[in-house]
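Asks: Residues 1 to 326, numbered by the UniProt record's numbering, are exactly what the sequence shown covers, in order. By construction, the Cβ of each residue, glycine as well, lies at the ideal position given by its N, Cα and C atoms. Sharing a structure, written as structure tokens. Questions coming.
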Amino acid sequence: MELHLDEYWRIPYVSATSAHEWLSVIASAELHHLQVLTLMGCILAGSVGTSMLNLSSLSHLDLSSNDITDFPQQMFHLPNLKVLDLSYNSHLTGSLPEFPPRSIIQQLFLAYTNYTGRIPDSIGNLKQLTDFQAGNCGFFGPLPHSFGNLGKLAVLDINRNNFEGEIPFSFFKLSHLEKLDMSFNGFVGPLPSLKASRKTIKLIYLSSNKLSGPIPSSYYANNGLPNLIELVLSNNQLNGTIPPSLFTLPFLKTMILSRNKFTGILDDEAFPNSFSSPLLVELNLSYNFLEGNIMKFISKFTSLEYLALFTVRLIHACSQVSKTSQ
């Protein structure tokens, strides 16, 4: 049985509805076989209460885009729960519970809430988890190494929190990862290698951390990350040279490496004609320690729409302009 009431109460001049009151009514209606309940954008306010624990068959619960302030931790333990969406409840406070070994949660959405605390080690028990989105929350501390146990994880979005420490080495075991967004945190140390997910990863956002070291060889060697579309590593402390073969990734559209400590020369010898991403639309290498013949370099990227090379030291730029004008 499914019950969809998305935006049902979103009508003019109706004040916020008590979440506890309405959910208690639903929970007491003897809907023992209710599996899907969606109440997105129903201007529900206040505490959810524990009456929802009676819905033991519930597999999909969507309370997103409301004004809920409290959600019982026990709800995470409903035996059949697969999808839980609490996102966009800006006044919702709480922390994650300990997850039992037999949890079957597949998707967990907490973005734009005030959830805080550390991610428990027991998150590694969520062996069925494919999608974990907790951006713009208040989580802090290091990430547990048990993330490496999430073999089905495809989307990990924890941007704009207060995480710190190194990205766990166990990330190299994630074999189905498609999107990784850990930007705007306090992570230190090297970039994750992503060896196991090299064929699946499409989006990497790791900007505005304190990451250091070179770009891992797994990103570019032996065809690198062949399905990568966007690579955003700006505002870190990354160093070394930018590997020319990074520009050969066939589906790469966006590469933002600005505000790091990359060094090297951008010229024909470093980037021969074969080194050009045919779909590259946005390239930002500004505020590094690069130099080169920019005219020859950018001529290789025929699809570019946005190019930023602030602080790149020009070499033989005038002579190149003279040649191209003849």
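(1) My guess is that Glu-166 and Phe-187 are in contact by the Cβ rule of under 8 Å, so how many angstroms apart are they, rounded?
(2) Skipping 5 residues on each side, what residues in its chain have a beta carbon closer than 8 Å to that of Ile-68?
(3) Using a Cβ-Cβ cutoff of less than 7 Å, which residues in the same chain neighbour residue 374 once the five nearest sequence positions on both sides are dropped?
(4) How big is the Cα-Cα spacing for Leu-156 and Ser-51?
(5) The beta strand (DSSP E) that contains Ile-265, what's its start and end?
(6) Is the number of C-beta pairs between the region 189-201 and the region 243-260 that are closer than 8 Å three or more?
(7) Going straight from the alpha carbon of Lys-261 to that of Leu-233, what length do you get?
(8) So, is Asn-314 buried or exposed, given that buried needs 16 or more other C-beta atoms within 10 angstroms?
(9) In chain order, what residues of the same chain lie with their CB nearer than 6 Å to the CB of Leu-61, ignoring the 5 residues before and after it?
(10) Note down, in chain order, each residue of its chain lying with its Cβ closer than 6 Å to the Cβ of Arg-282, except the 5 sequence neighbours on either side.
(11) Tell me which same chain residues have a C-beta within less than 8 Å of the C-beta of Thr-130, skipping the five on either side of it?
(12) I need the DSSP call for Ser-15, collapsed to helix, strand or coil.
(13) Could you check which residue in Phe-310, Leu-55, Ser-207 and Pro-100 has the C-alpha nearest to that of Ser-183?
(14) Which term fits Pro-101, buried or exposed, when burial requires 16 or more other beta carbons within 10 angstroms of its beta carbon?
(15) Suppose contacts are defined by Cβ-Cβ distances below 9 Å. Is Ser-212 in contact with Asn-235 by that definition?
(16) Where does Val-312 sit, in a helix, a strand or coil, going by DSSP?
(17) Tell whether a beta-carbon distance below 9 Å holds between Gly-138 and Tyr-112.
(18) Would you mind reading off the limits of the beta strand (DSSP E) that contains Lys-179?
(19) What residues in its chain sit with their C-beta under 8 Å from that of Phe-163, if we drop five residues either side in the sequence?
(20) Can you grab the Cα-Cα spacing for the pair residue 334 / Leu-280, in whole Å?
(21) Using 9 Å as the threshold, is the C-beta distance between Leu-150 and Lys-127 below it?
Replies: With the structure as the only source:
(1) Indexing the sequence shown from 1 puts residue 166 at position 166. Indexing the sequence shown from 1 puts residue 187 at position 187. That belief holds up - the Cβ atoms of Glu-166 and Phe-187 are roughly 7 Å apart, short of 8 Å.
(2) Translated into positions along the sequence shown, residue 68 becomes position 68. Closer than 8 Å at Cβ, skipping near neighbours: Ala-19, Leu-44, Ala-45, Gly-46, Ser-47, Val-48, Leu-86, Asn-89, His-91 and Leu-92.
(3) Examination of residue 374 is not possible in this model, given that the chain is present from 1 through 326 alone.
(4) For the purposes of this step, residue 156 is taken as residue 156 along the sequence shown, with counting starting at 1. For the purposes of this step, residue 51 is taken as residue 51 along the sequence shown, with counting starting at 1. Rounded to the nearest angstrom, the two C-alpha atoms are 31 Å apart.
(5) Taking the first residue of the sequence shown as position 1, residue 265 is located at position 265. Unbroken beta strand (DSSP E) run through Ile-265: 261-266.
(6) no
(7) One-based indexing of the sequence shown puts residue 261 at position 261. One-based indexing of the sequence shown puts residue 233 at position 233. In a straight line, the C-alpha of Lys-261 is about 12 Å away from that of Leu-233.
(8) Residue 314 sits at position 314 when you count from the first residue of the sequence shown. It should be noted that the sequence gives Leu, not Asn, for residue 314. Per the 10 Å Cβ criterion, exposed.
(9) In the sequence shown, the residue the question calls residue 61 occupies position 61. Closer than 6 Å at the Cβ level, and outside the excluded window around Leu-61, lie Leu-37 and Leu-84.
(10) Indexing the sequence shown from 1 puts residue 282 at position 282. For the sequence presented, residue 282 should be read as Glu rather than Arg. Correct list, in chain order: Thr-254 and Tyr-306.
(11) The count along the sequence shown starts at 1 and reaches residue 130 at position 130. Once the five neighbours on either side are set aside, the close Cβ partners of Thr-130 are Gln-106, Gln-107, Lys-152, Leu-153, Ala-154, Val-155 and His-176.
(12) Taking the sequence shown and counting its residues from 1, one reaches residue 15 at position 15. Confidence is the limiting factor: at Ser-15 the pLDDT is only 42, short of 50, which leaves the residue's position unreliable, though a coordinate-based value still follows. DSSP places Ser-15 in coil when its eight states are reduced to three.
(13) Taking the sequence shown and counting its residues from 1, the one referred to as residue 183 is at position 183. Closest by alpha carbon: Ser-207.
(14) Against the sequence shown, residue 101 aligns to sequence position 101. With fewer than 16 Cβ atoms within 10 Å of its Cβ, Pro-101 is classed as exposed.
(15) On the sequence shown, position 212 is the one that residue 212 refers to. On the sequence shown, position 235 is the one that residue 235 refers to. For Ser-212 and Asn-235, no; Cβs fall outside 9 Å.
(16) As a working mapping, residue 312 is identified with position 312 in the sequence shown. Val-312 falls in the coil class under three-state DSSP.
(17) For this step, residue 138 is matched to residue 138 along the sequence shown. For this step, residue 112 is matched to residue 112 along the sequence shown. No. Outside cutoff.
(18) As a first step, residue 179 must be located in the sequence shown, where it is residue number 179. Per DSSP, Lys-179 belongs to the beta strand (DSSP E) from 179-181.
(19) Locating residue 163 in the sequence shown gives position 163, counting from the first residue. Around Phe-163: Phe-139, Phe-140, Gly-141, Pro-142, Leu-143, Met-182, Asn-185, Gly-186 and Phe-187.
(20) The displayed coordinates of the chain run from 1 to 326. Any statement about residue 334 would go beyond what the structure contains.
(21) Position 150 of the sequence shown, counting from 1, holds the residue named residue 150. Position 127 of the sequence shown, counting from 1, holds the residue named residue 127. A distance below 9 Å separates the beta carbons of Leu-150 and Lys-127.
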